[in-house]
Each structure stands twice: as structure tokens, then as C-alpha cells.
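Residue numbers (the working numbering): 1 to 289. In this text, a Cβ means the ideal position worked out from N, Cα and C, and glycines have one as well. Please read all numbers here as calculations on a predicted model, not as lab measurements. Only one structure is covered here, and it is reproduced in the block below.
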Amino acid sequence: MDNTLFATVAAAATSLMEMNKILISVAAAGVACKYLGSMWNTYEAYYGDGGQARYTRFLLDEVRPDLFCEITQMERATFNNLVEELTMNGLLKNGRSISVKEQVLIFLDIVCHNNSMRQTAVKFRRGLFTITRNLSQLRQVRHGVIKNPKYQAFKNALGAIDGVFIPAKVPAEAQSPWRNRKHFIAQNVLAAVNFDFQFVYILAGWEGSAHDTRVFNDATSKGLNIPQKKYFLADAGYGLRQGLMTPFRGTPYHLKEQAAAGLRPANKRSSTTYDTLHYGISSSACLDA
Numbered sequence: 001m002d003n004t005l006f007a008t009v010a011a012a013a014t015s016l017m018e019m020n021k022i023l024i025s026v027a028a029a030g031v032a033c034k035y036l037g038s039m040w041n042t043y044e045a046y047y048g049d050g051g052q053a054r055y056t057r058f059l060l061d062e063v064r065p066d067l068f069c070e071i072t073q074m075e076r077a078t079f080n081n082l083v084e085e086l087t088m089n090g091l092l093k094n095g096r097s098i099s100v101k102e103q104v105l106i107f108l109d110i111v112c113h114n115n116s117m118r119q120t121a122v123k124f125r126r127g128l129f130t131i132t133r134n135l136s137q138l139r140q141v142r143h144g145v146i147k148n149p150k151y152q153a154f155k156n157a158l159g160a161i162d163g164v165f166i167p168a169k170v171p172a173e174a175q176s177p178w179r180n181r182k183h184f185i186a187q188n189v190l191a192a193v194n195f196d197f198q199f200v201y202i203l204a205g206w207e208g209s210a211h212d213t214r215v216f217n218d219a220t221s222k223g224l225n226i227p228q229k230k231y232f233l234a235d236a237g238y239g240l241r242q243g244l245m246t247p248f249r250g251t252p253y254h255l256k257e258q259a260a261a262g263l264r265p266a267n268k269r270s271s272t273t274y275d276t277l278h279y280g281i282s283s284s285a286c287l288d289a
């Protein structure tokens with residue numbers, strides 16, 4: 001009888017100890033939730049992500065002006081004006097957890113540095129779906145630019161054509177024709193890009209010393225079809241011809257060339273519209289020869 005009573009008391013004590021452990025665990029979980037909740041509330045609007053937008057805040061609030069320009073390829077004032085323009089015209093809107101500024105930063109990270117969407121997702125600590133959706137939305141903005149009356153003169157433009165030097169390995173005895181004007185061994189690759197930033201034609205295999213005109217002529221005989229009354233924008237090296245629109249030779253149309261020469265556009269219509277379109281398309285597609 002005594003043994004039975006002792007066993008009953010021991011079992012009751014064990015149950016009480018287990019109950020205390022459960023109560024302590026519940027209390028600890030409650031304290032942790034309250035603490036995390038207080039930390040969550042310390043993040044400002046659009047950044048209530050537990051640190052997810054840390055890189056965005058760094059770019060917007062902490063980075064030096066010269067580093068900001070290097071990362072975004074534009075001055076901070078230009079970036080702010082771009083964001084304001086996109087917002088005021090209803091081209092972009094703040095999302096539930098991502099601001100217009102972060103959307104633009106994500107887009108610039110991809111197109112300015114040729115990063116993959118996965119690389120950008122890791123850097124901004126966003127999901128691949130968010131990055132893909134953001135890139136798709138920014139690509140749609142081009143329609144508002146193309147239909148802008150300011151670009152009416154380019155309504156039949158298909159995109160841009162440019163060349164890029166791709167390093168090549170060639171036997172020493174055959175390297176001479178492959179050495180380009182920048183003094184390294186390379187192929188001269190022609191690429192055509194449309195306003196969707198998609199490659200519509202690529203011709204590889206020409207020696208680095210080959211002139212752009214020669215490469216273009218070969219491309220037209222190998223599948224590069226340009227419809228009547230349509231054309232691609234190209235630099236002066238290709239020469240003015242059917243299917244291409246090029247600037248006048250000797251005219252400094254690049255912004256850096258105008259700045260070096262101390263020039264300013266004579267009027268709004270003779271401004272840098274051509275340069276804006278050609279440079280914007282070709283650089284976004286990573287063409288730089």
C-alpha cells in the first residue's frame with residue numbers, strides 16, 4: 001500500500017515538473033515574439049523586412065556620391081529625378097513591400113553591370129519572382145518613351161546595331177588580322193538589339209581588324225533582314241546606308257564628346273535624342289566595342 005502511494009506521489013510530481021517546463025517554454029516564446037515585434041516596428045515603410053532591404057538603405061542613405069554614381073551609372077540627383085518622373089507619370093508604383101526607388105535600383109543593377117537575376121536577388125535579398133516581376137515592369141516603361149512625341153523622328157527604328165570585341169585565341173603565326181584597334185586579339189562580333197533589349201541578330205567570326213562596314217555587309221547576306229522604311233540606329237563607323245541611321249561624321253553626338261569640346265545643343269530638337277536611344281539600347285544589351 002505504501003509503495004502504491006509513493007508511486008502515485010512520484011508520478012504527480014513528475015507531471016508538475018513537465019507542466020512547469022511547458023509553461024516556461026510558452027512564456028519564453030511570448031517574450032521572444034514581443035521582442036521581435038518591437039524590432040519589426042523599428043523599420044520604416046517598405047523596409048519592414050527584418051533587414052531584407054539593408055543594401056537598398058545603404059545605397060540611398062549611406063553610400064558616398066562617387067560610389068553611388070559608379071554603382072547606378074548616374075548622379076544621385078539624376079536618379080531622384082528619374083524616380084520622380086516614373087512615379088508622377090504612373091509608370092511605377094510603390095508595392096506592398098518594395099518602393100519605387102528599390103525597383104529602379106534593382107533594374108539598374110542588372111542592366112548596368114550585366115548581373116544575372118539570381119545575383120541581384122542575392123544582393124538585394126529578394127526572391128527571384130520579385131526580381132523577375134520588377135524587371136518585366138521596368139521593361140514596359142519603354143512604351144511610354146517610344147510613343148513620346150520627342151522621339152517621333154525615330155518611330156521606324158527597330159533598335160540598335162553595334163559591334164563588340166570578344167577576346168579570341170589564335171595561333172601566333174595567324175594573329176595579325178585578329179588584332180583589333182585596341183591592340184588585343186579578338187573577334188569583331190556584330191549584334192542587333194531591339195527595344196525589348198533582346199538580341200535579334202548576332203554575327204560572330206570576323207577578325208578583330210575587320211571594318212564594321214565589312215561585317216555589316218556580310219550580315220545582310222547572312223540573314224539580317226531590315227524591312228523597307230525600317231532601320232537600326234548605328235554609330236558613324238557603319239556609314240549612312242539603307243537600313244541604318246548614323247550621325248553626321250565629325251559631329252560630337254556623344255555626351256562625353258560634347259563635354260570635352262565645350263559644346264551644348266543648339267536647341268531642343270538638335271539635342272542628344274539620337275545618343276539617348278542608341279546608347280541606351282546598346283549599353284543595356286552590353287555592347288561596347
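Test item: CB-CB of A234 and D162 under 8 Å: It is a contact, given that the beta carbons lie within the stated cut-off.
Cut-off 8 Å between Cβ atoms - residues of its own chain near N217, not counting five sequence neighbours on either side: Sequence-distant partners of N217 (beyond 5 residues in either direction) whose C-beta falls short of 8 Å from its own C-beta are missing from its chain.
My guess is that N160 and F232 are in contact by the Cβ rule of under 8 Å, so how many angstroms apart are they, rounded? First, the amino acid is wrong: residue 160 is Ala here, not Asn. Cβ-Cβ separation between A160 and F232: approximately 6 Å, consistent with a contact (criterion under 8 Å).
Assign Q103 to one of two classes, buried (16 or more other C-beta atoms within 10 Å of its C-beta) or exposed (fewer than that). That one is buried.
Between the C-alpha atoms of V111 and R133, what's the straight-line distance to the nearest angstrom? Here the alpha carbons of R133 and V111 stand approximately 15 Å from one another.
Do W178 and A168 count as a contact pair if the criterion is CB distance below 8 Å? Taking 8 Å as the Cβ cut-off, A168 and W178 qualify as a contacting pair.
Tell me which residues share the same chain as G237 and place their Cβ nearer than 6 Å to its Cβ, disregarding the 5 neighbours each side in the sequence. Excluding positions up to five away in sequence, the list reads D212.
My output table needs one value for Q228: the three-state DSSP class, helix, strand or coil. Here Q228 carries a coil assignment [DSSP, helix/strand/coil].
The ligand NAD and F107: does the residue's C-beta get closer than 7 Å to at least one heavy atom of that ligand? The ligand content of the structure shown is nil, which means the ligand NAD is not present either.
Cβ shell of V215 (< 7 Å), same chain only, five flanking positions each side left out: Only G163, N188, L190, L203, W206 meet the Cβ criterion.
Given that a residue counts as buried once 16 or more other Cβ atoms are within 10 Å of its Cβ, and exposed if not, what is K101? Classification of K101: buried, given that the 10 Å Cβ count is 16 or more.
Please list the terminal residues of the continuous alpha helix (DSSP H) segment that includes F124. Element bounds for F124: 117–124.
Could you give the DSSP three-state label for N188: helix, strand or coil? N188: strand per DSSP, three-state reduction.
When we look at the beta-carbon of M245 and count the other beta-carbons within 10 Å, is it buried (16 or more) or exposed? Counting of Cβ neighbours within 10 angstroms places M245 among the buried residues, the total reaching 16 or more.
Which term fits I185, buried or exposed, when burial requires 16 or more other beta carbons within 10 angstroms of its beta carbon? Only buried fits I185, as 16 or more other CB atoms lie within 10 angstroms of its CB.
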